[in-house]
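Step one of this worksheet: look at the structure below.
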Amino acid sequence: MASADLMDELLCSICLSIFKDPVTLRCGHNFCRVCIDRALDTQDGSGVYSFPECKGEFQERPALMRNINLHNVTERFLITQQEEEEITGIYCTYCVDSPVPAVRACLHCEASLYEKHLRGHSKSPEHVLSDPSTSLEKRKCSVHKKILEYYCTEDAACICVSCSLIGKHNGHKMESLDEASGKKKKKLRNVLQKLTTKREETEERVRSLEERRRKAQEKAAGEAERVTALCTDIRRRVDDLEKKVLSEISMREKQESMSLSVVIHKLEIKKDELSRKMRHIEELCNMSDPLTVLQEQDTGDLCDFEEEGGYRHTKRRDQRSDFAVIAGVSLNGHW
Numbered sequence: 003m004a005s006a007d008l009m010d011e012l013l014c015s016i017c018l019s020i021f022k023d024p025v026t027l028r029c030g031h032n033f034c035r036v037c038i039d040r041a042l043d044t045q046d047g048s049g050v051y052s053f054p055e056c057k058g059e060f061q062e063r064p065a066l067m068r069n070i071n072l073h074n075v076t077e078r079f080l081i082t083q084q085e086e087e088e089i090t091g092i093y094c095t096y097c098v099d100s101p102v103p104a105v106r107a108c109l110h111c112e113a114s115l116y117e118k119h120l121r122g123h124s125k126s127p128e129h130v131l132s133d134p135s136t137s138l139e140k141r142k143c144s145v146h147k148k149i150l151e152y153y154c155t156e157d158a159a160c161i162c163v164s165c166s167l168i169g170k171h172n173g174h175k176m177e178s179l180d181e182a183s184g185k186k187k188k189k190l191r192n193v194l195q196k197l198t199t200k201r202e203e204t205e206e207r208v209r210s211l212e213e214r215r216r217k218a219q220e221k222a223a224g225e226a227e228r229v230t231a232l233c234t235d236i237r238r239r240v241d242d243l244e245k246k247v248l249s250e251i252s253m254r255e256k257q258e259s260m261s262l263s264v265v266i267h268k269l270e271i272k273k274d275e276l277s278r279k280m281r282h283i284e285e286l287c288n289m290s291d292p293l294t295v296l297q298e299q300d301t302g303d304l305c306d307f308e309e310e311g312g313y314r315h316t317k318r319r320d321q322r323s324d325f326a327v328i329a330g331v332s333l334n335g336h337w
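Under this note's numbering, think of the first position of the sequence shown as 3, with each following residue one higher.
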């Protein structure tokens, strides 16, 4: 624990508190920067500056030099003191000016003590010392107001001397607090050992289950990876097949379109020829001069039309040829 003697050396002589941002004067004494500044401010205009500690006098306002080492010591002391306060939270009863964490408590005096006061405390038997406590009253008998010194094994209660002699515990088996505490601690250690064993078994079980979980996760991750790869391959194959089929369909469509275009072109030529012949025949039919009609030299087509069977035969032949072409295209195109 932090020593109160050390704390005495860390007190500013002006504010009587632990140094805050300590500075050093040329005389070697240390003060809080704010404290010495205020003290020197009050002396401005007096023509002389007097140091609070040694009463040394100077004509000019003395320079203040920050004491880094002392600053670090005070910071470390405050941290240690704070840690001690967090541990006990109990302060010395007699340190009124600056609270100091207590190290022991006197049940007889009902006081908490730090190291310096503990050294000067009475060593007589009635001054029983214990660990610091927030309620020393609990360490005394509520009936006789005496220190609890014994343990009644029959009633499982802590009692004082008067309880064992004239109280309701008279005649019961008694044990000293240390003896009873030792027995209870032994039982508690046995329980602690069993609990420790159970905890170790539980920890081992947890490790085993965690290992199983890790393996299950790895297995699931591997299966998921394989399924993902398989589905990716299937999608790739389907895409390739789709592209291939679409390409074949497009190619067949182009081939068929080209073949039909040839047939259509031939039919368009034939249609134009038929139209020309039809116009010539209409002109002959519309002529009023019989001599001109009869003297027409190009009569082959007229003969064809007059010969009913000949024209129809030719027409059927042309149709069969057209159908054969279309059928050939259809067969080549796998219709």
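Even for Gly, the Cβ is constructed at its ideal location relative to N, Cα and C.
Predicted model, so just to flag it, every value in this text is computed and none were measured.
For Pro-103 and Ala-113, I'd like the C-alpha separation in whole angstroms. Cα to Cα, Pro-103 sits roughly 12 Å from Ala-113.
Just to confirm before moving on: does the CB-CB distance between Cys-17 and Cys-34 stay below 8 Å? For Cys-17 and Cys-34, yes; Cβs fall inside 8 Å.
Report the rounded CA-to-CA distance for Lys-272 versus Val-265, giving the unit in angstroms. Annotation: Lys-272 to Val-265 spans about 11 Å, alpha carbon to alpha carbon.
Starting from Ser-29, trace the alpha helix (DSSP H) both ways and give me its first and last residue. Here the sequence assigns Cys to residue 29, which means Ser is not the residue at that position. Run containing Cys-29: none; DSSP gives neither H nor E here.
First through last residue of the beta strand (DSSP E) which encompasses Leu-115: Judged by DSSP secondary structure, Leu-115 falls within the beta strand (DSSP E) whose first and last residues are 113–115.
Within 10 Å of its beta-carbon, does Met-9 have 16 or more other beta-carbons around it, so buried, or fewer, so exposed? A residue is called buried once 16 or more other Cβ atoms fall within 10 Å of its Cβ, and Met-9 is buried on that count.
Assign Phe-53 to buried or exposed, taking buried as 16 or more other Cβ atoms, counted over all protein chains shown, within 10 Å of its Cβ. By the 10 Å Cβ count, Phe-53 comes out buried.
Counting pairs of beta carbons, one from the stretch 169–178 and one from the stretch 146–157, are three or more of them closer than 8 Å? Because the criterion of three Cβ pairs below 8 Å is met, the stretch 169–178 and the stretch 146–157 touch.
Assigned exposure category for Ala-107 - 16 Cβ within 10 Å defines buried: Of the other Cβ atoms in all chains shown, 16 or more fall within 10 Å of the Cβ of Ala-107; this residue is therefore buried.
Measuring alpha carbon to alpha carbon, tell me which residue in Asn-192, Ser-144, Lys-187, Lys-189 is nearest Gly-169. When C-alpha distances from Gly-169 are compared across Asn-192, Ser-144, Lys-187, Lys-189, the shortest belongs to Ser-144.
Looking at the unbroken alpha helix (DSSP H) that takes in Ala-255, where does it start and where does it end? A quick correction: the sequence has Glu, not Ala, at residue 255. Looking at the DSSP string, the run of the alpha helix (DSSP H) that includes Glu-255 is 179–288.
Apart from the five residues on each side of it in sequence, which residues of its chain come closer than 6 Å, Cβ to Cβ, to Cys-14? So the qualifying residues of the chain are Phe-21, Phe-33, Cys-34, Cys-37.
Answer yes or no: the CB of Glu-203 versus the heavy atoms of the ligand COA, is any distance below 7 Å? Looking for the ligand COA in the displayed structure turns up nothing, as the structure carries no ligands at all.
Would you mind sorting Cys-287 into buried or exposed? The rule is 16 or more other CB atoms within 10 Å of its CB. When all chains shown are included, Cys-287 counts as exposed.
Using only the alpha-carbon positions, how far apart do His-267 and Ser-259 sit? One C-alpha to the other measures close to 12 Å.
What does the Cβ neighbour count give for Val-50, buried or exposed, with the cut at 16 atoms within 10 Å? Exposure of Val-50 is indicated by the presence of fewer than 16 other C-beta atoms within 10 angstroms of its C-beta.
According to DSSP, simplified to helix, strand and coil, what is Leu-296? Reduced to three states, the DSSP call for Leu-296 is helix.
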